[in-house]
Amino acid sequence: MKRFDLIVIGTGLAGLTAARTAIGMGAKVLIVGRGMGALTLFGNTVDLLGEIPPDTEMEEGISRWIASHPEHPYARTGWEGIESAIAAFQELFPPPYNFAAAGRGNSLLPTGAGTMRPTWLIPVTMAAGAAMTPAETLIVGFRGFKDFQGDTVSLHMKCRGVTLPLPRYGLEGLTAPALARLMDETSFRERLGEAIRQQMAGERFIGLPAVLGLRDPAAVLKTLETITGARVFEIPMLPPSIPGTRIFHRFREELIAKGATFRMGHPVSGAVVKDGRCEGIRIDNPPLVAEYRADRFILATGRFLGGGLWAEMERIIEPVFDIPVFQPGERGQWFGERFFEPEAHPIHRAGVVTDADLRPVDTLGRVVLANLRAAGSILAHHQAIEEKSREGIDIATGFLAAKKALAL
Amino acid sequence: MDLQTEVLIIGGGATGTGIARDLSLRGIPSLLVEKGDFTSGASGRNQGLLHSGGRYAVNDPDAARECIAENRILRRIAPHCIEPTDGLFVSLPEDGPEYRANFIRACGAAGIDTLPLSPREALAMEPRLSPRIIGAVQVPDGAIDPFTLVVENARDAESRGARILIHTEVTGLIRDGLRIAGVRVRDRITAEAFAIAATWVINATGAWANHILRMAGLQIGLALSKGSMLITNTRLSERVLNRCRPPASGDIIVPNDTVSILGTTSLRAEDPEHYEVTPAEVTFLVDELSRMIPDLKGERFTRAYAGVRPLLQSEGTNDDRTISRGFALIDHGSCSGPAGLVTITGGKLMTYRLMAEKTADFICERMGLHVPCSTHVQRLPGAGHGHTLKDRLLRLRRQTPAAKGEILCDCELVPREAVDAILREGKVRELQDILHRTRLAKGTCQGGFCVYRLLGLLNERSKADHRGGSNRILKGFLEERWKGIRPVLWGRSLKEEELIESIYKGLFNLTPAEPGGPGGGEA
Ligand SMILES: Cc1cc2nc3c(=O)[nH]c(=O)nc-3n(C[C@H](O)[C@H](O)[C@H](O)COP(=O)(O)OP(=O)(O)OC[C@H]3O[C@@H](n4cnc5c(N)ncnc54)[C@H](O)[C@@H]3O)c2cc1C
Ligand SMILES: Cc1cc2nc3c(=O)[nH]c(=O)nc-3n(C[C@H](O)[C@H](O)[C@H](O)COP(=O)(O)OP(=O)(O)OC[C@H]3O[C@@H](n4cnc5c(N)ncnc54)[C@H](O)[C@@H]3O)c2cc1C
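Which chain is which? The protein sequence lines are A and B, in order.
Note that our numbering has the first sequence beginning at 62, numbered continuously upward.
Note that our numbering has the second sequence beginning at 389, numbered continuously upward.
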């Protein structure tokens, strides 16, 4: 049986970051996951903390915010932890498809609902979205592509919009991945660029759904910008997310190249625990159950959507190790009366509570398994959805968990 | 605008629209006003059970006979609104064999066919039933689609000359000496107020009956009882499942196309408008119905909803379930009230046609007309068109790829064309009206995805009409959706809800007070 230095459970952004960090430290790593995580559903930009106003410098804003949120995962990593983790992330994406901040603080980018949304690192294909003005922008949608409603975007943003037909393709099955693959074809994007050019009335910016190719998005961007003479930007839209899929592919490529073992598609069904330590995990691969052993483990299985947490009628559980989960009251108190409440629904604070080293603890603060760490959105006491902190938490805690796990 | 009619009907539920249709078939002009949309009362908030009468056979033989007679009529006149599933009355050890014996005898007396089944036979028919059952009895229960039923009664009445105003609320009764001579109404969307003169005013407002009567200083003995129901994501059984015991709470599971409806509770209510499904009710329903279907807890629930029953009060009883489920037709003129005002309330969806018949008979008699009722033989206009998911799939498959067009709602296969057609019809004034007329947002994701698409369609029209955009509709929808989904948030539906919140609050950054677009669009 193969033995690993570290097993990372979860192939979302937190697990991927942890695995890559550990590989960088020379460890022998196994990463296992059931699916591709929230990354390929909602991943577009790298959010750190949306509520820091755009005119506040990020370091200053977050440092001050951490002081008043001592239970938040960021309080475990500190600003320094976030900064070094983010820098490592940026190294993985060299130009031409790179991620950069547009200012010293958050920038606002348009969304598929025509609203504006704060974020920190922006991929090059979205950068012009932070610079556009409505009067100079044309929004382009595609007829029959129902996950991006161009009229909704242009009407709300108060800019001009057109919906272009894609004659070669039927209306059925026009999905984001299908469109992205078409964009990867040079002839297709050239014809599209031409069709857009004919619709332009002097606009300097063009907004499109975030489907500008999977293989070489920077090249798609370049073709469209050259033909139209305008700056082109992608707009985040309904899942699945093409930009998130690009991030996933880049990580996987890097991990495999550096010798990590990648096991995807099969759920972890349980753990082998002895004397307060985790010795191994079992992976269901019917009809077989495979057992993998390691010295250290990182749990990065996400929240309810990812399967990291599961809500029974009476309580919330963590299915792999059955470690204690902080839960805000009983079922009747999990959600507020209205969908939109001034505060996030209490359920979002549920999760795994850890010590300063990201080791899960019980209600008395005692470490549950000495060689297990938790990272990413499974952690308690954050509100990633409303805070706009999803990627920041994943990257910073994934990075820290690997560093701590492999520290002597 | 002031209007005039022979018969004014208040209430656009099954009873009100049924009366409009019955009168129109007898050539009597009527005008119906409904303060919301069709089916916004109990007619859209029930369990959709086409009773065989079995449930009432032991305790209320008259009601049982009424049910089985209407059951047979509805199968004839509205076959497309009915799924003839049959039903099982299932005995658990705690229900005992005595009630079962009584039940079979009482059904026989009421003319309800029964087929006793051994536990093995019943389990072979419904494999998810508890292995603890000691027997079952099959009866001709079924499932009924109240939405189509009501809309078609209305449509047929209109095509025969009746007039119908939805989103129009009665705010007062107009008196002329000892008579009621009409009503005052208000358009709930434009706020326009006007009067409608009428020779007869029929109060078919179900649980709201006393709200109308109070306008004339009258009152009848009505208790309101809230009943809550849960919807599962898949269909649990082929047949209706009832407990074979005296009627109680939490003892019926009705299959409805691709889902099942679990019900109900019975709790006193004060107000027919404001009530909610509580966590305790949800726990009760799941626990209680798990006795019949043991692995119910692992099921995915997509929605909870509740309705309010008007129960006619008889003396000296406190248990709502022993209060009669029968109906009452009251001519207020003949019991010291003003003439020209009639109330019809109580009853069941099952008996809407009979209630309408009795009401129309009464009006005819008072008008001195001798036109017999024909609703028991005249089929509804849509008879022959299926509405189930299977029918929708078949219709789609028959179309050529080009004509198929865009599917707005993937869970329920609602084509964009269907919504376009409703919008073109022009009578629709709210998003809710579209949701009531299609299966949009009734599937697994409860509209989480398709509302964004529906919004795109509405915005396309706004743009064509040079109107501005707003997220008010989207947020309103999400709030309404929340009412139905919040009570069932655990397990897989909670998981799905994280996706929906991640989209609308995360990705789209919608907030209680949303800042709007860069052009300063309104929230
Ligand atoms: C929980 C529950 C489960 C049930 N299950 C079943 C079942 O399985 N099978 C069955 O046969 N029956 C069932 N019923 C009973 C059935 O739903 C009702 O008997 C039936 O729908 C009553 O129809 P209605 O038209 O009389 O009343 P409603 O449908 O309530 O219609 C009254 C209408 O009047 C309108 N209105 C009120 N005030 C005004 C005003 N001022 N101006 C204008 N309009 C006004 C309301 O908006 C409403 O639409 C159930 C009922 C409940 C509550
Ligand atoms: C026989 C039967 C079968 C049913 N089958 C299903 C089913 O398969 N799937 C299912 O999900 N439900 C089903 N239902 C429940 C139904 O969808 C409603 O929840 C129920 O009828 C209550 O009526 P309502 O829509 O007026 O109630 P509400 O609880 O007020 O609203 C319920 C839904 O209506 C829409 N809505 C209402 N008001 C607004 C508004 N102002 N703006 C925007 N949207 C609004 C939303 O979709 C909301 O979720 C069924 C009900 C019956 C009686």
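Virtual Cβ for every residue (Gly too), placed ideally from N, Cα, C.
Nothing here was measured: the structure is a model prediction, and the numbers come from that model.
Separation of residue 74 (chain A) and residue 122 (chain A) (C-alpha to C-alpha, rounded to the nearest whole angstrom) is 24 Å. Rounded to the nearest whole angstrom, the C-alpha separation of residue 862 (chain B) and residue 343 (chain A) is 44 Å.
Proximity of the segment 177-190 of chain A to the segment 280-298 of chain A meets the contact definition, three or more beta-carbon pairs being nearer than 8 Å. No Cβ-Cβ contact shorter than 8 Å links residue 476 (chain B) with residue 591 (chain B).
The three-state secondary structure of residue 403 (chain A), taken from DSSP, is coil. Check the Cα spacing between residue 503 (chain B) and each of B:519, B:529, B:455: the tightest is with B:529. In the three-state reduction of the DSSP assignment, residue 399 (chain B) falls in the coil class. Counting along the chain, residue 463 (chain B) sits inside the alpha helix (DSSP H) bounded by residues 449-465.
Listed by position along chain A, the residues whose Cβ is nearer than 7 Å to that of residue 850 (chain B) are 216. Put simply, the CB of residue 446 (chain A) is near chain B, with a gap under 8 Å to one of its CB atoms.
For the segment 614-631 of chain B, the set of positions with a beta-carbon nearer than 7 Å to some beta-carbon of chain A is empty.
For residue 892 (chain B), there is no enclosing alpha helix (DSSP H), as DSSP marks it with neither H nor E. Between residue 891 (chain B) and chain A, the shortest Cβ-Cβ separation is below 8 Å. Within the segment 162-192 of chain A, those residues whose Cβ lies closer than 9 Å to any Cβ of chain B are, in chain order, 169, 171, 172, 173, 174, 175, 176, 177, 178, 179.
The alpha carbon of residue 227 (chain A) has as its nearest neighbour, out of A:221, A:235, A:220, the alpha carbon of A:235. The beta carbon of residue 441 (chain A) lies closer than 7 Å to those of 387, 410, 411, 412, 413, 414 in the same chain, with the five residues before and after it left out. Relative to residue 483 (chain B), the option among B:516, B:759, B:764, B:680 whose CA is nearest is B:680. Contact between residue 418 (chain B) and residue 397 (chain B) holds, with the beta-carbon distance rounding to 6 Å and staying under 8 Å. By the Cβ test, the segment 157-172 of chain A is not in contact with the segment 82-92 of chain A, since fewer than three Cβ pairs between them sit closer than 8 Å. Not one heavy atom of ligand 1 sits closer than 7 Å to the Cβ of residue 392 (chain B). Taking 8 Å as the threshold, the shortest C-beta distance from residue 297 (chain A) to chain B falls below it. Residue 277 (chain A) has its alpha-carbon roughly 47 Å from the corresponding atom of residue 337 (chain A). In this structure, DSSP gives residue 423 (chain B) a state outside helix and strand, which the three-state scheme calls coil. Cβ-Cβ distances below 7 Å link residue 517 (chain B) to 478, 510, 511, 680, 681 in the same chain, with the five nearest sequence neighbours on each side left out; the list follows chain order. In the assembly as shown, residue 212 (chain A) is a buried residue. Its beta-carbon has 16 or more other beta-carbons within 10 Å. Spanning the alpha carbons of residue 569 (chain B) and residue 585 (chain B) requires a straight line of approximately 6 Å. Non-local beta-carbon contacts of residue 243 (chain A) in its own chain, meaning distances under 7 Å to residues more than five positions away in sequence, involve 249 in chain order. Among the residues of the segment 365-388 of chain A, those with a Cβ less than 7 Å away from any Cβ of chain B are 365, 366, 372, 373, 374, in the order of the chain. The segment 555-568 of chain B and the segment 598-606 of chain B touch, with no fewer than 3 CB-CB distances between them shorter than 8 Å. Ranked by Cα distance from residue 455 (chain A), the options A:65, A:84, A:67, A:110 are led by A:110. The three-state secondary structure of residue 112 (chain A), taken from DSSP, is coil.
Rounded to the nearest whole angstrom, the CA to CA distance from residue 540 (chain B) to residue 626 (chain B) is 26 Å. Within the same chain, 241, 244, 245, 281 come within 6 Å of residue 274 (chain A) by CB-CB distance, once the 5 residues on both sides are set aside. Around the beta carbon of residue 765 (chain B), fewer than 16 other beta carbons lie within 10 angstroms, which makes this residue exposed. In this structure residue 486 (chain B) is exposed. Its beta-carbon is surrounded by fewer than 16 other beta-carbon atoms within 10 angstroms.
A Cβ of chain B is located within less than 8 Å of the beta carbon of residue 392 (chain A).
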